[in-house]
Structure formats: structure tokens, C-alpha cells
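For the record, in the sequence shown the residue sitting at position 52 is 138 according to the numbering used here, with numbers rising by one throughout.
The block underneath contains the structure these notes are about, expressed in C-alpha cells.
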Amino acid sequence: MQIEVPNIKKWNVIYPVYINSKKTVTEGRRVGATKACENPTCIEIGDCCSYLKIPFAIELDKAYSRDFMQRGRVRVLLKREDGSLCNTDIGSKKQLMLRVAELIPKHHGRTKKQEPANTSTATVGPSKSGKGGKKKR
87 MQIEVPNIKK WNVIYPVYIN SKKTVTEGRR VGATKACENP TCIEIGDCCS
137 YLKIPFAIEL DKAYSRDFMQ RGRVRVLLKR EDGSLCNTDI GSKKQLMLRV
187 AELIPKHHGR TKKQEPANTS TATVGPSKSG KGGKKKR
């Protein structure tokens, strides 16, 4: 019995830049800055796709054409070959990008990173800059 490998070349591509709030529209952001998330990764986008039950493939060796230092992209299958949607709630690539951008801040990897930072800043008092109070004349 032969296993059928899906042709992922026809799947939609999502680069992390598309939903990065730190980027401008000219740099490649495709959703509103208020709806975008800060510095998403391919792994986080992939985790969100699996949560939404959308088939995906992460390609870490690929680079974004406008910024070749930005490595990785995610291919997603929104519609099957018969034309039916994989997830009935998400009908377009734009809807998927907005939904993923909404989910990434709640991602388990991000919530773990933020908890220790909040406790350490609460114990430390306000930091003073190293500059003196004298004015230059």
C-alpha cells in the first residue's frame, strides 16, 4: 500500500512577517498593526494551525523575499481538492492570518517566558539611569 503525499506546493504560504506588529506594510505586514502580534515564529504559527485543525507544513530553509535574513515559512491547506474547507470557520488566508495573530500571544511558549519576567520586575525597584542630575550649559 502506498501512502499519498500531499502536494504542498499548491498550499498557501504564510511568512511570519505577514503578522508581525514590529514590521510596516512596506516591510511585508499584511494585517493591521493592532491585530498583529509581536515577532511570531514558524513554530508558533504551526502550533496555531494544528490547534485550528488546519493541515500545515513548516519550511525552515525558506526565506522571505524582501528580507532574506527572515528564515522560515508555513504552508497551509485551507481548501481540500474537492473544494471543501478544512476548517469551516476559516474561509480565506486573511482570516487565518488574523486568527493566528490572535492566538500567538496566548501560545504556551510565550506565557511561560512572560511569567518569570513579571515576578522579577515586581521585586526590583524602579531603575535609575546612570546619568547625574546636572544640566549642561
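Cβ coordinates follow ideal geometry from the N, Cα and C atoms, glycine included.
State the DSSP-derived secondary structure class of T207, mapped to helix, strand or coil. Along the sequence shown, read from residue 1 onward, the residue named residue 207 stands at position 121. The predicted position of T207 is uncertain, since its pLDDT is 48 and thus under 50; a value taken from the coordinates is nonetheless stated next. In the structure shown, the three-state DSSP call for T207 is helix.
Sequence ranges, alpha helix (DSSP H) only - wholly within the region 132 to 210, length at least 4: For the region 132 to 210, whole alpha helix (DSSP H) runs of length 4 or above, ordered along the chain, are 179 to 189, 194 to 209.
Proximal residues to A187 (C-beta, below 7 Å), its chain only, five neighbours per side dropped: The residue you call residue 187 lines up with position 101 of the sequence shown. I105, V117, K121, A122, C123.
Beta carbon of L182 nearer than 7 Å to that of I176: Working through the sequence shown from its first residue, we reach residue 182 at position 96. Working through the sequence shown from its first residue, we reach residue 176 at position 90. For L182 and I176, yes; Cβs fall inside 7 Å.
When the Cβ atoms of the region 105 to 114 are set against those of the region 163 to 177, are three or more pairs found closer than 8 Å? Pairwise C-beta distances place the region 105 to 114 out of contact with the region 163 to 177, as fewer than three of them are shorter than 8 Å.
Here's the rule I'm using: 16 or more other beta-carbon atoms within 10 Å means buried, otherwise exposed. How should E130 be labelled? The residue labelled residue 130 in the question sits at position 44 within the sequence shown. Residue environment analysis places E130 among the buried positions, since at least 16 neighbouring C-beta atoms fall within 10 angstroms of its C-beta.
Do you know how far the Cα of R152 is from the Cα of K95? Indexing the sequence shown from 1 puts residue 95 at position 9. Indexing the sequence shown from 1 puts residue 152 at position 66. The alpha-carbon atoms of K95 and R152 are separated by roughly 20 Å.
Anyone know if the C-beta pair for C128 and V160 falls short of 7 Å? Indexing the sequence shown from 1 puts residue 128 at position 42. Indexing the sequence shown from 1 puts residue 160 at position 74. Cβ distance < 7 Å, so C128 and V160 count as in contact.
Who are the near neighbours of N93 in its chain, counting only those whose CB is closer than 7 Å to its CB and skipping five residues on each side? Residue numbering aside, residue 93 sits at position 7 when the sequence shown is read from its first letter. Same-chain partners within the cutoff: there are none.
Can you tell me which residues form a DSSP beta bridge with V99? Locating residue 99 in the sequence shown gives position 13, counting from the first residue. Answer is R161, bridged to V99.
Taking its Cβ as the centre, do 16 or more other Cβ atoms sit within 10 Å of D147, making it buried, or is it exposed? Counting from 1 along the sequence shown, the entry for residue 147 is found at position 61. Answer is exposed; the Cβ neighbour count stays below 16.
Selected residue, minimal CA-CA separation from Y101, among R166, K179, S136: The residue you call residue 101 lines up with position 15 of the sequence shown. In terms of Cα proximity to Y101, the closest of R166, K179, S136 is K179.
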